[in-house]
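According to the numbering used here, the sequence shown is numbered sequentially starting from 76.
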Amino acid sequence: MPVRIRLSRGGAKKRPFYRIVVADSRRARDGKFIDQIGTYNPMLPKDSADRVKMDLDKAKEWIAKGAKPSDRISIFLSNLGVMEKPVITEKTKKHLPKKKAQERLAAAKEKEEAAKAAAEEPKAEEAEAKKE
Numbered sequence: 076m077p078v079r080i081r082l083s084r085g086g087a088k089k090r091p092f093y094r095i096v097v098a099d100s101r102r103a104r105d106g107k108f109i110d111q112i113g114t115y116n117p118m119l120p121k122d123s124a125d126r127v128k129m130d131l132d133k134a135k136e137w138i139a140k141g142a143k144p145s146d147r148i149s150i151f152l153s154n155l156g157v158m159e160k161p162v163i164t165e166k167t168k169k170h171l172p173k174k175k176a177q178e179r180l181a182a183a184k185e186k187e188e189a190a191k192a193a194a195e196e197p198k199a200e201e202a203e204a205k206k207e
């Protein structure tokens, strides 16, 4: 049976709360699980001690039995010093504009900067005229 250590979502709409569970990987995300080993509350500040609560002894025991942690759980475990930090691959750049669009954006920024400079010049000239 392929066993995973993963998050099971609870909480209300737009107010997530997760249980850290050991479950069969073929089960539904919020379905039946074997063991609950902790909680994760993303609504708390990042430096809060109550944000991630985990029974490290149980986690080590399940990993020794062959349970594989999910990506998020492996990050939690690495922050707690149980395992090494996983390698996170770089994101793709498909969401960025293409070459021509970048050139158009650069040209628009240049025009905007030129317009700002032109608007500031008369103000500077008026200030000099007032001084005289």
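Glycine included, C-beta positions come from ideal geometry on N, C-alpha and C.
**OP:** Could you check the C-alpha separation between residue 76 and residue 121 for me, to the nearest Å?
**Re:** Here the question's residue 76 lines up with position 1 in the sequence shown. Here the question's residue 121 lines up with position 46 in the sequence shown. Rounded to whole angstroms, residue 76 to residue 121 spans 35 Å at the Cα level.
Original post:
In terms of residue numbering, what span does the alpha helix (DSSP H) encompassing residue 99 cover?
Top reply: Position 24 of the sequence shown, counted from the start, is the residue given in the question as residue 99. Here residue 99 belongs to no alpha helix (DSSP H); instead the beta strand (DSSP E) covers 90-99.
Subject >> Separation of residue 147 from residue 135, as counted between CA atoms >> reply: Here the question's residue 135 lines up with position 60 in the sequence shown. Here the question's residue 147 lines up with position 72 in the sequence shown. Roughly 16 Å separates the two Cα atoms.
Original post:
Rounded to whole angstroms, how far is the Cβ of residue 79 from the Cβ of residue 143, which I believe are closer than 8 Å?
Top reply: In the sequence shown, residue 79 corresponds to position 4, counting from 1. In the sequence shown, residue 143 corresponds to position 68, counting from 1. Residue 79 to residue 143, Cβ: 6 Å. Contact.
**OP:** Report the option in 97, 126, 162 whose CA atom is closest to the CA atom of residue 69.
**Re:** Since the first residue shown for the chain is 76 and the last is 207, residue 69 is missing from the structure and cannot be characterised.
**OP:** Go ahead and label residue 123 buried or exposed: buried means 16 or more other beta carbons lie within 10 angstroms of its beta carbon, across all protein chains shown.
**Re:** Here residue 123 corresponds to residue number 48 of the sequence shown, with the count starting at 1. It is exposed - the Cβ of residue 123 has fewer than 16 other Cβ atoms within 10 Å.
Original post:
From the beta carbon of residue 189, is the nearest beta carbon of chain C less than 8 Å away?
Top reply: Of the protein chains in the structure, only one exists, and it is not chain C.
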